[in-house]
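Numbering (my numbering), first residue to last: -2 to 136. Virtual Cβ for every residue (Gly too), placed ideally from N, Cα, C. Quick caveat, the model's predicted, so the values are computed rather than measured. All remarks here apply to the structure that follows.
Shown next, in the form of structure tokens:
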């Protein structure tokens, strides 16, 4: 199936948002995730889940983290990822939520999310992220 102009544009916005995240330009990154979500086609559910997780990452990593926005984005992405069977994305969302919970003093919830991420990464044999998440879990 050929992509529409809106689909291509929303994907471009998402890729640029991630670049902004990596370069510390969170304001621009958040604005582009919002635009990507707004113009994404309804058929792009997996893409939508990825952008929601990205929005959570950007909101969480800001100089003044937007905890509520980040949490809401992660939860939305997690629900959609679970529905679509996107287990790697589910694990990444749990890591993000675990970090947010830990920073806000909700240690038990942080452990629950980080443990869920570890379980998913192990089940999928995705060992790249395990040391970092296991280290956070030990703290």
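> Are the beta-carbon atoms belonging to residue 52 and residue 66 less than 9 angstroms from one another?
Replying inline: yes
> Can you tell which of 43, 19, 40 and 11 has its C-alpha closest to the C-alpha of residue 32?
Replying inline: 11
> Once you ignore the five residues that flank residue 119 on each side, which residues in its own chain have a CB closer than 8 angstroms to its CB?
Replying inline: Closer than 8 angstroms at the Cβ level, and outside the excluded window around residue 119, lie 127.
>> Am I right that residue 14 and residue 64 are in contact with their C-beta atoms under 8 angstroms? What's the rounded C-beta distance?
In response: No, residue 14 and residue 64 are not in contact; Cβ-Cβ is about 19 angstroms, not under 8 angstroms.
> Under 9 angstroms between the Cβ atoms of residue 50 and residue 19?
Replying inline: no
> According to DSSP, is residue 3 helix, strand or coil?
Replying inline: helix
> What residue does the alpha helix (DSSP H) around residue 44 start on, and which one ends it?
Replying inline: 42 to 58
>> Rounded to whole angstroms, what is the Cα-Cα separation between residue 4 and residue 84?
In response: 23 angstroms
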